[in-house]
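To convert a position in the sequence shown, counted from 1, into my numbering, add 49.
Just so it is clear, CB atoms sit at the ideal spot from N, CA and C, and this is done for glycine as well.
A short worksheet on the structure shown next.
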Amino acid sequence: MAEKTPITVARGDGIGPEIMDATLRILEGAGARLDIEEIEIGEKVYLAGNPAGVAPEAFDSLRRTKVFLKAPITTPQGGGYKSLNVTVRKTFGLYANVRPCVSYHPFVETKHPVMDVVIVRENEEDVYGGIEYRQTGQVTQCLKLISRPGTEKIVRYAFEYARRNNRKKVTCFTKDNIMKITDGLFHKIFDEIAPEYPDVENEHWIVDIGSAKLADAPENFDVLVLPNLYGDVLSDVAAQIAGSVGLAGSANIGEHIAMFEAIHGSAPRRAGQNLANPSGLFLGAVMMLVHVGQTDVAERAHNAWLRTMEDGVHTYDIYKEGVSKEKVGTREFAEAVVARMGQTPSQLKAVSYKAGEGGEGSFSGRMAREAAAANKELAGVDVYLDWTSGSANDLGAVVEKLSGEGLKLSSIANRGVKVYPGGATETFCSDHWRCRFVPEGGREIGNKQVATLLSRFAEAGLDFIKTENLYNFDGKPGYSHAQE
Ligand code: NAD
50 MAEKTPITVA RGDGIGPEIM DATLRILEGA GARLDIEEIE IGEKVYLAGN
100 PAGVAPEAFD SLRRTKVFLK APITTPQGGG YKSLNVTVRK TFGLYANVRP
150 CVSYHPFVET KHPVMDVVIV RENEEDVYGG IEYRQTGQVT QCLKLISRPG
200 TEKIVRYAFE YARRNNRKKV TCFTKDNIMK ITDGLFHKIF DEIAPEYPDV
250 ENEHWIVDIG SAKLADAPEN FDVLVLPNLY GDVLSDVAAQ IAGSVGLAGS
300 ANIGEHIAMF EAIHGSAPRR AGQNLANPSG LFLGAVMMLV HVGQTDVAER
350 AHNAWLRTME DGVHTYDIYK EGVSKEKVGT REFAEAVVAR MGQTPSQLKA
400 VSYKAGEGGE GSFSGRMARE AAAANKELAG VDVYLDWTSG SANDLGAVVE
450 KLSGEGLKLS SIANRGVKVY PGGATETFCS DHWRCRFVPE GGREIGNKQV
500 ATLLSRFAEA GLDFIKTENL YNFDGKPGYS HAQE
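This is the structure in structure tokens:
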């Protein structure tokens, strides 16, 4: 008898406990070798005074088992509660969110009969650092961070996933025609890593037209790798157009710990009635079995589930007169899957998970490589001001006087548009101004010159709200230019 794999299970809120029972029942029926530790998360834990919905002791269990099967929870109404998912993702560095979006035509209604897309979403960076500021009366800001190691990890993960799962193509979406530095880095790293996988096709689309194509013809896509925000939006779009948000599972993968769940919430109105569809959580659990190397069990359970779908044994949410054969409750659905263990679907494509290929083990040793050492030099500074006392030319006249000691004003921009010198009179200006200073006459500058410049701003009574140093890396600008 093979050794049991320890996992941590949380039953969650609403329909959570019912769909978890059903999922565990199917896993048991498939012969899963699991040693379960239970923790409590969600509403009760929030209301007991833990702002993240999870008690610190629960983290000990996750550190021990490294595998977390999580049912949905209810976030209590009102402010002050932090997202449990974001907390777990950030605490344990779960950098990859993997969400297969599959249609089950003709057994489940869908707009896209041929759809089998896997979204690989970067899970830690982008605007999800939650680093935001209100800087002036009128203007707010959110920081978008894209790092080389973060991007290398997710892009490599997507290609490794494609290879392991016999997928043909990885597609990357970014908006690097606009965000040339941040999204540009994501795209560049995609282009650097793709050639290491000559057996997997690769392509890049700008996210707007790419999304339109995904929504229109998902059959043309296979694996998608996306920065966090685009991935968040598009993984819901993809699950929805597959026709089956209630049928989608998701994996959050880190180097040490992984979390598996359904993509839907706790559906409180359906709770306690033996109505809910356990399939989303179950398919998350199948990904878990593959992750821990129980590929034989994953394959048996998944194929029995596909057979159940095909046999028309459906819960209320996907039941359709004429297509479905039998409307069942949560428990009966689980028993129907268990009764089909060993069977495979006849019309839908059967799954096959190869032994020894499970898990992220083959990947986890391959850390991101070092960024190429670059020669970094200070090439200027942007000083941002909160200012409401006149036009761009008025401000220009005031700020010109602050040039000196090696730094001179080169331009003023408002929300990224150059407004001084020589701005268009029609450009709308907010109270948020960027004054760009560059070295005077090719002089070398350092932070000392920046500090004295700032003290001149302070003496002039100007409210500088932030500064941003401008660097060249190996002579190439590491900053954007204002729109002229
Ligand atoms: P929801 O996903 O819980 O429900 C949306 C709709 O889908 C409901 O009408 C429900 O009847 C139906 N539905 C969802 N899952 C189903 C299933 N398995 N079987 C049958 N029908 C199903 O979204 P919501 O109503 O916006 O959110 C409810 C709660 O869930 C909120 O407190 C929210 O914060 C939380 N939530 C939690 C998670 C999570 O834990 N990962 C994710 C999303 C929402």
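Per-residue DSSP class, three states only, for residue i
i           : result
residue 235 : helix
residue 332 : helix
residue 426 : strand
residue 453 : strand
residue 344 : helix
residue 193 : coil
residue 161 : coil
residue 199 : helix
residue 534 : Residue numbering for the chain in the displayed model covers 50 to 533; residue 534 lies beyond these limits and cannot be assessed.
residue 313 : coil
residue 94  : helix
residue 546 : No statement about residue 546 is possible, as the shown extent of the chain runs from 50 to 533 and does not include it.
residue 62  : coil
residue 241 : helix
residue 258 : helix
residue 154 : coil
residue 105 : helix
residue 246 : coil
residue 520 : strand
residue 182 : strand
residue 224 : coil
Spatial neighbours of residue i in its chain, beta-carbon cut-off 8 Å, leaving aside the 5 residues before and after
i           : result
residue 307 : 115, 116, 117, 143, 300, 301, 337, 340 and 409
residue 159 : 152, 153, 290, 291, 292 and 293
residue 377 : 362, 363, 364 and 385
Closer than 7 Å: residue i CB and nearest ligand 1 heavy atom
i           : result
residue 10  : For the chain, the structure presents residues 50 to 533; residue 10 sits outside this window and is missing.
residue 158 : no
residue 316 : yes
residue 363 : no
residue 70  : no
residue 121 : yes
residue 124 : yes
residue 101 : no
residue 326 : yes
residue 64  : yes
residue 170 : no
residue 134 : yes
Sequence-distant residues of its chain with Cβ nearer than 6 Å to residue i (five each side left out)
i           : result
residue 171 : 203, 276 and 277
residue 310 : 119, 299 and 333
residue 425 : 520 and 522
residue 358 : 153 and 156
residue 448 : 458 and 484
residue 389 : 353, 356 and 357
residue 149 : 167
residue 271 : 216, 217 and 218
Euclidean distance between Cα positions of residue i and residue j
i           : j           : result
residue 505 : residue 139 : 41 Å
residue 414 : residue 286 : Note that residue 414 scores 40 on pLDDT, short of 50, meaning its location in the model is unreliable and no value can be drawn from it.
residue 248 : residue 81  : 33 Å
residue 442 : residue 91  : 55 Å
residue 473 : residue 484 : 17 Å
residue 526 : residue 427 : 10 Å
residue 319 : residue 437 : 54 Å
residue 315 : residue 192 : 31 Å
residue 56  : residue 88  : 11 Å
residue 225 : residue 61  : 39 Å
residue 210 : residue 344 : 15 Å
residue 369 : residue 242 : 45 Å
residue 305 : residue 187 : 43 Å
residue 511 : residue 228 : 30 Å
residue 68  : residue 201 : 36 Å
residue 328 : residue 462 : 53 Å
Nearest residue (CA-CA) to residue i, options the options
i           : options               : result
residue 501 : 483, 515, 452 and 461 : 452
residue 353 : 75, 52, 59 and 186    : 75
residue 481 : 432, 458, 472 and 447 : 432
residue 190 : 181, 330 and 512      : 181
residue 444 : 478, 465 and 430      : 478
residue 324 : 362, 379 and 344      : 379
residue 387 : 461, 77, 241 and 103  : 77
residue 236 : 214, 267 and 197      : 197
residue 103 : 85, 59 and 295        : 59
residue 288 : 169, 470, 122 and 463 : 169
residue 280 : 296, 207, 214 and 396 : 207
Beta-carbon proximity list for residue i, same chain, < 7 Å, skipping 5 on both sides
i           : result
residue 348 : 400, 401 and 402
residue 429 : 485, 486, 487, 488 and 519
residue 53  : 82, 83 and 84
residue 94  : 102, 103 and 104
Beta carbon proximity, residue i to chain D, threshold 8 Å
i           : result
residue 243 : The chain labelled as chain D is not found in the depicted structure, where only one protein chain is given.
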